[in-house]
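Q: Note that my numbering has the sequence shown beginning at 38, numbered continuously upward. Just so it is clear, CB atoms sit at the ideal spot from N, CA and C, and this is done for glycine as well.
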Amino acid sequence: MVRAEQGGVEDSQIQVIQETDDWVAIDKPPGLVIHDVPGEKHAGATLVDWLREHIPAINQHFSPNNSRPGIIHRLDADTSGVILVAKTPKALNNLQDQFRNRGIEKEYVALVYGETPPSGEMKGNISRLAHDTRQTVRRLSFSWEKAITKPAETRYERNQLLSNDHNRYSLLILKPKTGRTHQLRVQLLDAGWPIIGDQTYNTKESRAASQQLGIARQFLHAKLLQFNDPATGHTYIIEAPLASDLTPALEQLKRV
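Have a look at this one:
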């Protein structure tokens, strides 16, 4: 877990992948919260704290009272990988528009419990359960249902089919077309393939498998982000290697 150290985040645990005058792409380590959220508790500093300390443009262009300076999108605290941050309000607006208009391509890697088809698509409306922080997938199409839920769509490809003496697993490449809260985790659980290590969206079987593999956070990594530069229009593809804490689980498995 990344924690505050003398008022800041440990430099060695946050890596800048690429940076321009308008944006910075960061390889986010697991355990790092992006920004403070009212009503949610977390230990240690946030990515915003690190940005305020290490990226001068953030303080130059965003108010000290702004709790999400330059934040274009979020990753769950225990999801690692590429996150893109704008360094100016103009770049922020442009990149947010690209996200809203589905102009940004994202790819994730996930290890899930069970054997998936070689490829496919997951669709459904996602809503939050009453009095619960979790999300759920609802497939009803009545008008009242659409009013309280949001559509979610993800393509997947099975990169490897793996196994040990106990279970089969699928290493997936996920390509979300929408960006709902906990979308990938919710959809995979709903499909019957919960992410290994997920402490919230799981089954009895996936919890046992996660313990056997010794993984205590969701095996979910944002591996790739493709977008157009807000100033030049140039297409960038930013990639982050698989987080090192995830590789021991793969080393225990063999290809089928």
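1) In terms of alpha-carbon separation, which member of L262, G251, F136, L121 lies closest to G216?
2) Using only alpha-carbon positions, find the residue among G68, A114, A128 that is nearest to G270.
3) Throw me the rounded Cβ distance for the N201 and L209 pair, which I believe falls under 8 angstroms.
4) With distances taken Cα to Cα, identify the nearest neighbour of S164 among P213, T240, D227, Q55.
5) I think L290 touches Y206, with their Cβ atoms under 8 angstroms apart; what is that distance to the nearest whole Å?
6) With H, G and I counted as helix, E and B as strand and the rest as coil, what does DSSP make of Q135?
7) For H258, is the classification buried or exposed, using 16 other Cβ atoms within 10 angstroms of its Cβ as the cut-off for buried?
8) Give the list of continuous beta strand (DSSP E) stretches no shorter than 3 residues that lie fully inside the stretch 195 to 244.
9) Throw me the rounded Cβ distance for the L211 and E144 pair, which I believe falls under 8 angstroms.
10) Provide the residue(s) that pair with E90 in DSSP beta bridges, ordered along the chain.
11) For Q52, write down the residues that DSSP places opposite it in a beta bridge.
12) Are the beta-carbon atoms of A147 and L261 separated by less than 8 angstroms?
13) Quick check on this structure: which residue in G157, N265, Q220, M159 has the alpha carbon closest to the alpha carbon of R111?
14) Given this structure, state the Cα-to-Cα distance separating A114 from V293, to the nearest angstrom.
15) Hey, how far is the Cα of E56 from the Cα of L88?
16) Do you know offhand how far R105's Cα is from H203's?
17) Pull up the distance between the alpha-carbon of A94 and that of P101, whole angstroms please.
18) Within a Cβ cutoff of 7 angstroms, which residues of the same chain sit near V122, ignoring the five residues on either side of it in sequence?
19) Taking all protein chains shown into account, do 16 or more other C-beta atoms lie within 10 angstroms of the C-beta of G161, making it buried, or fewer, making it exposed?
20) Where does the unbroken alpha helix (DSSP H) through A286 begin, and where does it stop?
21) Enumerate in chain order the residues of its own chain whose CB-to-CB distance from P126 is below 8 angstroms, with the five nearest sequence positions on each side excluded.
22) Any idea what DSSP makes of H168, helix, strand or coil?
A: Result, derived from the coordinates:
1) Taking the sequence shown and counting its residues from 1, the one referred to as residue 216 is at position 179. Checking every option, the nearest Cα to that of G216 belongs to F136.
2) Within the sequence shown, numbered from 1, the residue matching residue 270 stands at position 233. Of the candidates G68, A114, A128, the one whose C-alpha sits nearest the C-alpha of G270 is A128.
3) Mapped onto the sequence shown, residue 201 falls at position 164. Mapped onto the sequence shown, residue 209 falls at position 172. So it is not a contact: roughly 18 angstroms between Cβ atoms.
4) To locate residue 164, count along the sequence shown from 1; it is residue 127. Scanning P213, T240, D227, Q55 for the CA closest to the CA of S164 turns up D227.
5) Position 253 of the sequence shown holds residue 290. Position 169 of the sequence shown holds residue 206. Confirmed, about 6 angstroms.
6) One-based indexing of the sequence shown puts residue 135 at position 98. Helix at Q135.
7) Your numbering for residue 258 matches position 221 in the sequence shown. Classification for H258: buried.
8) 205 to 213
9) On the sequence shown, position 174 is the one that residue 211 refers to. On the sequence shown, position 107 is the one that residue 144 refers to. In this structure, L211 and E144 form a Cβ contact; the two beta carbons are roughly 7 angstroms apart against a cut-off of 8 angstroms.
10) Walking along the sequence shown from the start, residue 90 turns up at place 53. Answer by DSSP bridge pairing: none, since E90 is not bridged.
11) Start at 1 with the first residue of the sequence shown, and residue 52 comes out as number 15. Answer by DSSP bridge pairing, in chain order: D64.
12) Numbered from 1 along the sequence shown, position 110 holds the residue referred to as residue 147. Numbered from 1 along the sequence shown, position 224 holds the residue referred to as residue 261. Not a contact, by the Cβ cut-off of 8 angstroms.
13) One-based indexing of the sequence shown puts residue 111 at position 74. Taking each of G157, N265, Q220, M159 in turn and checking the Cα distance to R111, the smallest one comes out for Q220.
14) Taking the first residue of the sequence shown as 1, we reach residue 114 at position 77. Taking the first residue of the sequence shown as 1, we reach residue 293 at position 256. So the two alpha carbons sit approximately 32 angstroms from each other.
15) Your numbering for residue 56 matches position 19 in the sequence shown. Your numbering for residue 88 matches position 51 in the sequence shown. Each residue's alpha carbon lies about 13 angstroms from the other.
16) The residue given as residue 105 occupies position 68 in the sequence shown. The residue given as residue 203 occupies position 166 in the sequence shown. Distance between the alpha carbons of R105 and H203 is about 44 angstroms.
17) As a working mapping, residue 94 is identified with position 57 in the sequence shown. As a working mapping, residue 101 is identified with position 64 in the sequence shown. The straight-line gap from Cα to Cα measures roughly 12 angstroms.
18) As a position in the sequence shown, residue 122 is number 85, starting the count at 1. These residues qualify, in order along the chain: W60, V61, I63, L88, G107, I108, I109.
19) Your numbering for residue 161 matches position 124 in the sequence shown. Buried, by the Cβ-count rule.
20) Here residue 286 refers to the residue found at position 249 when the sequence shown is read from its first residue. The continuous alpha helix (DSSP H) containing A286 extends over residues 284 to 288.
21) The residue labelled residue 126 in the question sits at position 89 within the sequence shown. Correct list, in chain order: H98, F99.
22) By one-based count along the sequence shown, residue 168 stands at place 131. Per-residue confidence for H168 stands at a pLDDT of 49, beneath the threshold of 50, marking its modelled position as unreliable; no derived number is given.
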